[in-house]
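Undergrad: What follows is a single structure, and I will ask about it in a moment.
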Amino acid sequence: MSILPLAAGPRRSDPAPARSLPRRAGIGLKPEHFRAILQTLPDLGFFEIHAENYMVEGGPFHHWLTRIREHYALSVHGVGLSIGGAAPLDEAHLDRLAALLDRYQPESFSEHLAWSSHGGNFYNDLLPVAYDRVTLARVCEHIDRVQTRLRRRMLLENPATYVEFAASTMDETGFISEVVARSGCGLLLDVNNLYVSCTNHGRDARDSIRRLPLDTVAQIHLAGFAVESDSLGAPLLIDSHGTPVAEEVWRLYCHVLDRVGRTPTLIERDNDIPALPVLLAEAARADEILCRLAPMRRDEVRA
Amino acid sequence: MNANAIFAEALLDPAVPCPPGLASWNGSDPAQRFAVYRNNVVVGLVDALADSFPVTQELVGETFFRAMAREFVRAAPPRSPVLALYGQGFAEFIESFSPAAGLPYLPDVARLEMLRVLAWHAADAAPVSRQALAAALAAAESLPLARFEFVPALRLLASPYAIVSLWAAHQSENAALELAGVATDTPQTALVCRHELEVAIYRLAPGAADFLAGLLAGQSFGAAASAAFAGDPEFDPAATLALLLGAGAIAGIATPRRMS
Chain D
1020 MSILPLAAGP RRSDPAPARS LPRRAGIGLK PEHFRAILQT LPDLGFFEIH
1070 AENYMVEGGP FHHWLTRIRE HYALSVHGVG LSIGGAAPLD EAHLDRLAAL
1120 LDRYQPESFS EHLAWSSHGG NFYNDLLPVA YDRVTLARVC EHIDRVQTRL
1170 RRRMLLENPA TYVEFAASTM DETGFISEVV ARSGCGLLLD VNNLYVSCTN
1220 HGRDARDSIR RLPLDTVAQI HLAGFAVESD SLGAPLLIDS HGTPVAEEVW
1270 RLYCHVLDRV GRTPTLIERD NDIPALPVLL AEAARADEIL CRLAPMRRDE
1320 VRA
Chain L
472 MNANAIFAEA LLDPAVPCPP GLASWNGSDP AQRFAVYRNN VVVGLVDALA
522 DSFPVTQELV GETFFRAMAR EFVRAAPPRS PVLALYGQGF AEFIESFSPA
572 AGLPYLPDVA RLEMLRVLAW HAADAAPVSR QALAAALAAA ESLPLARFEF
622 VPALRLLASP YAIVSLWAAH QSENAALELA GVATDTPQTA LVCRHELEVA
672 IYRLAPGAAD FLAGLLAGQS FGAAASAAFA GDPEFDPAAT LALLLGAGAI
722 AGIATPRRMS
């Protein structure tokens, strides 16, 4: 087996095609599944990678991703841009991201409404932002810079949070609606995050969904959470990505699909990663719901 | 200090109180909620180190390793979101971590594991073919002046300890048994190199280690070989070249004629 073909960069010179993810279920690409995927080529809408994991010069990660990319649509999901951070965006990181997107030409790029870096340190977590005017302006400025530098529309993911800020002057759905309207980015609706945040902050999940800019939802995420409790004994859900998607989240997913139509859906699993068939079964469940509840795109229904 | 700075400082330092201005819908303690972030950050980074330093962890046990890694995370959080390469500086930290002083080889084992990670993700390069190497070796007049180029995934580490044996013992099913047989005070030089999709670690004899170090420093074949023989009469250039070739370490050979 040779890793030579990497240097050729088969997709590099292609013009950026105006493609989008198939309106089906996909799963996160995990190194432990590289070989099984290429051996079995499972029927799946797309694979998703975390951008930062592939910001290395060479080696097995690029070897496998290059081969898998030849067979599947790809979603690149960033976890390190710190769009919600107080500091200007890290231009070096943006350059690395641009190079990665150039190399793999993914159908989708998304990032988080969160911050993860400060003072040059990277905290490896999606940290919460206050929903106020100052943050709103900064987040919009940052998304503007990202979309300009990457020359593509990005999707912004709603966060899972454990605290709120006394300084917030807007609610989360209002804040996200403003960001989306001003920046022109799309919304990545993480149904698990929404459920986790609504539980953790005593909000009604269906009401929150209603108040989001649903016409901009271009991708959905589903994942599992862990259950802890706060100091008063109320449930405090942790966005752990370490368990199967919870039944409550599946129900909420059906509710969302009724409103947004057929939308590419990612099954996220980043911890305690099971064998590939287990994830494929979860993706099949999402596909089955997609077919049943959203046989046509909403724009087709309207037409 | 802005809000991010206060939040960030409290994430890593358990002695710093929960940041002000946090709220909860039901009046529950924000500090307990903030602790989720503290835990996520530290556990996530310690997990990243555990992934990159499995033998270091086995040598000290999980509990000790995680306590040591936690100290490192707090002292030297990542400076880049590219977490795959986090851990540079961990070996130096272990050197200064007094509870680990009883295992003087531990920093070099950690150094070796970091080199393994770097080799794993290093830039791709095609190794030289057997034929090209044979042609260079056959040119008797120009060979002494030849200079070698190496693939980016090659690293060399000389240690006063038996780092290759320690590492190898931990790749075995009977790690504890094999480890008991390792004379840790034996100096060893490790060659770390990725060939195709695997990173391999080889133990170099003293002469081979000097020879490769010379070539890496830009010395000609002749100069590096002479120095290697001077230090180690048992230096075997043919076996060393065969090892380097098998490791996929050599990217090219520039003889004087081909350089001009």
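Chains D and L supply the protein sequences, listed in that same order.
Per my numbering, residue 1020 is the first one in the first sequence, and the count goes up by one each step.
Per my numbering, residue 472 is the first one in the second sequence, and the count goes up by one each step.
Glycine residues also receive a C-beta, built at the ideal position from the N, C-alpha and C atoms.
Treat the numbers as computed from the prediction; the structure is a model and nothing was measured.
(1) From which residue to which residue does the beta strand (DSSP E) around isoleucine 721 of chain L run?
(2) Along chain L, which residues have their Cβ under 9 Å away from the Cβ of phenylalanine 1244 of chain D?
(3) For a cutoff of 7 Å on Cβ pairs, would you count proline 552 of chain L as touching chain D?
(4) Span of the beta strand (DSSP E) holding threonine 1167 of chain D?
(5) Which residues does DSSP list as the beta-bridge partners of asparagine 1140 of chain D?
(6) Please report the straight-line C-alpha distance between leucine 583 of chain L and leucine 574 of chain L, rounded to a whole angstrom.
(7) Would arginine 504 of chain L and tyrosine 1181 of chain D qualify as a contact pair, given that the criterion is a beta-carbon distance under 7 Å?
(8) Under a three-way DSSP split, which group does alanine 486 of chain L fall into?
(9) Kindly indicate the opening and closing residues of the alpha helix (DSSP H) around arginine 1222 of chain D.
(10) Based on Cα-Cα distance, which residue from L:Val622, L:Val517, L:Thr534, L:Arg537 lies nearest to cysteine 664 of chain L?
(11) Quick one: complete beta strand (DSSP E) runs, 3+ long, within the stretch 1057–1094 of chain D?
(12) What are the boundary residues of the alpha helix (DSSP H) that aspartate 1289 of chain D is part of?
(13) Over the uninterrupted alpha helix (DSSP H) stretch that includes isoleucine 565 of chain L, give me the two end residues.
(14) If I follow the unbroken beta strand (DSSP E) through threonine 660 of chain L, where does it start and stop?
(15) Using a Cβ-Cβ distance under 7 Å, would alanine 1027 of chain D count as near chain L?
(16) Measuring straight from C-alpha to C-alpha, what distance separates threonine 1188 of chain D and histidine 1112 of chain D?
(17) Helix or strand or just coil, what does DSSP make of valine 653 of chain L?
(18) Taking DSSP's pairing of strands, which residues face asparagine 672 of chain L in a bridge?
(19) Less than 7 Å between CB atoms is the rule here; does proline 1254 of chain D satisfy it with respect to chain L?
(20) Taking serine 499 of chain L as the query, report the chain D residues whose CB atoms sit under 7 Å from its CB, ordered along the chain.
(21) Using a cut-off of 7 Å between C-beta atoms, extract the partners of methionine 1074 of chain D located in chain L.
(22) Please identify, using Cβ separations under 7 Å, the residues of the stretch 1177–1195 of chain D that lie next to chain L, in order along the chain.
(23) Alpha helix (DSSP H) containing valine 512 of chain L: first to last residue?
(24) Output needed for alanine 1186 of chain D: all residues of its chain with C-beta closer than 7 Å, excluding positions within five of it in sequence on either side, in chain order.
(25) For valine 512 of chain L, decide whether its Cβ has a neighbour in chain D, counting only Cβ atoms nearer than 7 Å.
(26) For a contact defined as C-beta to C-beta under 8 Å, what are the partners of serine 1039 of chain D on chain L?
(27) Taking Cβ positions only, does proline 1079 of chain D come closer than 7 Å to chain L?
(28) Under 7 Å between beta-carbons, which chain D residues line up against glycine 492 of chain L? List them in chain order, please.
(29) Going by the DSSP bridge assignment, what does phenylalanine 1128 of chain D pair with across the sheet?
(30) Tryptophan 496 of chain L touches chain D at which residues, Cβ-Cβ below 9 Å?
(31) Whose C-beta lies closer than 7 Å to the C-beta of glutamate 1301 of chain D among residues of the same chain, with five residues either side of it excluded?
(32) Does the beta-carbon of leucine 1206 of chain D have 16 or more other beta-carbons within 10 angstroms, so that it is buried, or is it exposed?
(33) Considering glutamine 690 of chain L, what are the terminal residues of the beta strand (DSSP E) in which it resides?
(34) Short of 9 Å Cβ to Cβ, which residues in the stretch 1125–1140 of chain D face chain L?
(35) Please return the same chain residues whose Cβ sits closer than 8 Å to the Cβ of glycine 689 of chain L, not counting the five positions on each side in sequence.
(36) Which residues, in chain order, does the stretch 547–580 of chain L contribute to contact with chain D at a C-beta distance below 8 Å?
TA: For this structure:
(1) 721–725
(2) Ordered by position in chain L, no residue passes the 9 Å Cβ test against phenylalanine 1244 of chain D, which lies about 12 Å from the chain.
(3) yes
(4) Unbroken run through threonine 1167 of chain D is the alpha helix (DSSP H), 1152–1169; no beta strand (DSSP E).
(5) D:His1137
(6) 15 Å
(7) yes
(8) Coil.
(9) Here arginine 1222 of chain D belongs to no alpha helix (DSSP H), and DSSP marks it neither H nor E.
(10) Comparing Cα positions, the closest option is L:Val622.
(11) 1065–1069
(12) Per DSSP, aspartate 1289 of chain D is not a residue of any alpha helix (DSSP H), being assigned neither H nor E.
(13) 561–566
(14) 659–666
(15) Note that alanine 1027 of chain D scores 36 on pLDDT, short of 50, meaning its location in the model is unreliable and no value can be drawn from it.
(16) 31 Å
(17) coil
(18) Inspection of the sequence shows that residue 672 of chain L is occupied by isoleucine rather than by asparagine. According to DSSP, which records beta bridges pairwise, isoleucine 672 of chain L is partnered with L:Val663.
(19) no
(20) Those within 7 Å of serine 499 of chain L in chain D are Asp1249, Ser1250, Leu1251, Ala1253.
(21) Val553
(22) Tyr1181, Val1182, Glu1183, Phe1184, Ala1185, Ala1186
(23) Residues 501–523.
(24) Ala1149, Asp1151
(25) yes
(26) The premise fails here: serine 1039 of chain D is roughly 26 Å from chain L at the closest Cβ pair, so nothing lies under 8 Å.
(27) yes
(28) Phe1184, Ala1185, Ala1186
(29) D:Val1095
(30) Glu1183, Asn1219, His1220, Gly1221, Arg1222, Ala1253
(31) Pro1263, Val1264, Ile1286
(32) That one is buried.
(33) First-last for glutamine 690 of chain L: undefined, no H or E at that position.
(34) Trp1134, Ser1135, Ser1136, His1137, Gly1138, Gly1139, Asn1140
(35) Cβ neighbours of glycine 689 of chain L beyond the five flanking positions: Arg618.
(36) Pro548, Pro549, Arg550, Ser551, Pro552, Val553, Leu554, Ala555, Leu556
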